[in-house]
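For reference, the structure is listed below as C-alpha coordinates.
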Amino acid sequence: NSPTHLGHRSEQPPPPPPPPQQLESLVRSSEHHSSGSAPVAMGKVHGSLARAGKVRGQTPKVAKQDKKKKPRGRAHKRMQYNRRFVTAVVGFGKKRGPNSSEK
(Lines of atoms letter the chains of each structure in order from A and count residues from 1; the text may use other names and numbers.)
(Lines give C-alpha, C1' and ligand atoms only; values in the text may rest on other atoms or scores of the structure.)
Protein backbone atom coordinates (compact mmCIF):
# COMPACT_ATOMS: atom_id res chain seq x y z
CA ASN A 1 0.00 0.00 0.00
CA SER A 2 1.42 3.33 -1.02
CA PRO A 3 0.98 6.56 0.97
CA THR A 4 -1.09 8.05 -1.85
CA HIS A 5 -3.59 5.18 -1.59
CA LEU A 6 -6.98 6.22 -0.20
CA GLY A 7 -8.61 4.16 2.55
CA HIS A 8 -11.17 1.53 1.59
CA ARG A 9 -13.85 2.62 4.01
CA SER A 10 -13.78 6.39 3.44
CA GLU A 11 -16.29 6.59 0.61
CA GLN A 12 -17.39 10.11 -0.19
CA PRO A 13 -20.62 10.91 -2.03
CA PRO A 14 -20.19 12.11 -5.63
CA PRO A 15 -20.18 15.88 -6.19
CA PRO A 16 -23.54 17.42 -7.15
CA PRO A 17 -24.15 17.94 -10.90
CA PRO A 18 -23.64 21.47 -12.28
CA PRO A 19 -26.72 23.67 -12.71
CA PRO A 20 -28.45 23.46 -16.14
CA GLN A 21 -27.19 26.90 -17.27
CA GLN A 22 -23.57 25.94 -16.63
CA LEU A 23 -24.11 22.57 -18.33
CA GLU A 24 -25.44 24.24 -21.49
CA SER A 25 -22.47 26.59 -21.62
CA LEU A 26 -20.09 23.63 -21.24
CA VAL A 27 -21.79 21.80 -24.13
CA ARG A 28 -21.70 24.92 -26.33
CA SER A 29 -18.01 25.56 -25.65
CA SER A 30 -17.09 21.94 -26.43
CA GLU A 31 -19.17 22.07 -29.66
CA HIS A 32 -17.35 25.25 -30.67
CA HIS A 33 -13.91 23.62 -30.39
CA SER A 34 -14.80 20.20 -31.79
CA SER A 35 -14.25 19.51 -35.46
CA GLY A 36 -16.99 17.81 -37.48
CA SER A 37 -20.29 16.50 -36.20
CA ALA A 38 -18.93 13.89 -33.77
CA PRO A 39 -20.87 13.27 -30.53
CA VAL A 40 -19.75 15.37 -27.57
CA ALA A 41 -19.74 12.65 -24.87
CA MET A 42 -16.34 11.17 -24.09
CA GLY A 43 -15.71 7.52 -23.11
CA LYS A 44 -16.33 6.62 -19.49
CA VAL A 45 -14.72 3.99 -17.27
CA HIS A 46 -17.08 1.23 -16.15
CA GLY A 47 -17.92 1.55 -12.47
CA SER A 48 -16.81 3.95 -9.78
CA LEU A 49 -13.17 3.87 -8.68
CA ALA A 50 -14.28 4.72 -5.13
CA ARG A 51 -15.12 1.05 -4.57
CA ALA A 52 -11.89 -0.32 -6.03
CA GLY A 53 -10.34 -2.97 -3.76
CA LYS A 54 -13.51 -3.33 -1.67
CA VAL A 55 -13.55 -7.13 -1.42
CA ARG A 56 -9.83 -7.50 -0.75
CA GLY A 57 -9.99 -4.79 1.90
CA GLN A 58 -12.79 -6.45 3.83
CA THR A 59 -11.37 -9.99 3.62
CA PRO A 60 -9.76 -11.10 6.90
CA LYS A 61 -5.99 -11.55 6.78
CA VAL A 62 -4.89 -15.18 7.10
CA ALA A 63 -1.21 -15.94 7.74
CA LYS A 64 0.60 -18.21 5.28
CA GLN A 65 1.14 -21.78 6.45
CA ASP A 66 4.51 -23.52 6.39
CA LYS A 67 4.65 -26.04 3.57
CA LYS A 68 6.93 -28.99 2.88
CA LYS A 69 9.75 -28.33 0.40
CA LYS A 70 8.92 -29.52 -3.13
CA PRO A 71 11.39 -31.91 -4.78
CA ARG A 72 13.58 -30.46 -7.51
CA GLY A 73 15.36 -31.77 -10.57
CA ARG A 74 15.41 -35.55 -11.00
CA ALA A 75 13.17 -36.13 -7.97
CA HIS A 76 10.53 -33.75 -9.36
CA LYS A 77 10.54 -35.53 -12.74
CA ARG A 78 10.13 -38.85 -10.89
CA MET A 79 7.18 -37.45 -8.93
CA GLN A 80 5.54 -36.18 -12.16
CA TYR A 81 5.99 -39.57 -13.86
CA ASN A 82 4.48 -41.43 -10.90
CA ARG A 83 1.56 -39.02 -10.67
CA ARG A 84 0.75 -39.12 -14.41
CA PHE A 85 1.39 -42.73 -15.40
CA VAL A 86 1.87 -45.08 -12.44
CA THR A 87 -0.89 -44.13 -9.98
CA ALA A 88 -3.31 -42.81 -12.63
CA VAL A 89 -6.60 -44.74 -12.64
CA VAL A 90 -7.70 -45.73 -16.14
CA GLY A 91 -11.47 -45.62 -16.17
CA PHE A 92 -14.27 -45.08 -18.63
CA GLY A 93 -15.32 -41.65 -19.89
CA LYS A 94 -13.39 -38.47 -20.31
CA LYS A 95 -9.89 -38.14 -18.88
CA ARG A 96 -9.56 -36.06 -15.70
CA GLY A 97 -7.36 -32.97 -15.77
CA PRO A 98 -4.43 -32.46 -13.35
CA ASN A 99 -6.29 -29.69 -11.46
CA SER A 100 -9.54 -31.62 -11.04
CA SER A 101 -10.90 -31.89 -7.50
CA GLU A 102 -13.13 -34.86 -8.31
CA LYS A 103 -12.40 -38.19 -6.61
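Numbering (UniProt numbering), first residue to last: 1 to 103.
Heads up, the beta-carbon is just placed ideally off N, CA and C, and yes, glycines get one too.
{"Query": "N82, DSSP secondary structure in three states", "Result": "helix"}
{"Query": "Assigned secondary structure, Q65 (DSSP; H/G/I helix, E/B strand, else coil)", "Result": "coil"}
{"Query": "Three-state secondary structure (DSSP) of R74", "Result": "helix"}
{"Query": "Chain C contact for V86 (CB, 8 Å cutoff)", "Result": "Absent from the structure: chain C. Only one protein chain is present."}
{"Query": "Where A50 falls: helix, strand or coil (DSSP)", "Result": "helix"}
{"Query": "DSSP-derived helix/strand/coil call for residue 110", "Result": "There is no way to answer for residue 110, as the model of the chain reaches only from 1 to 103."}
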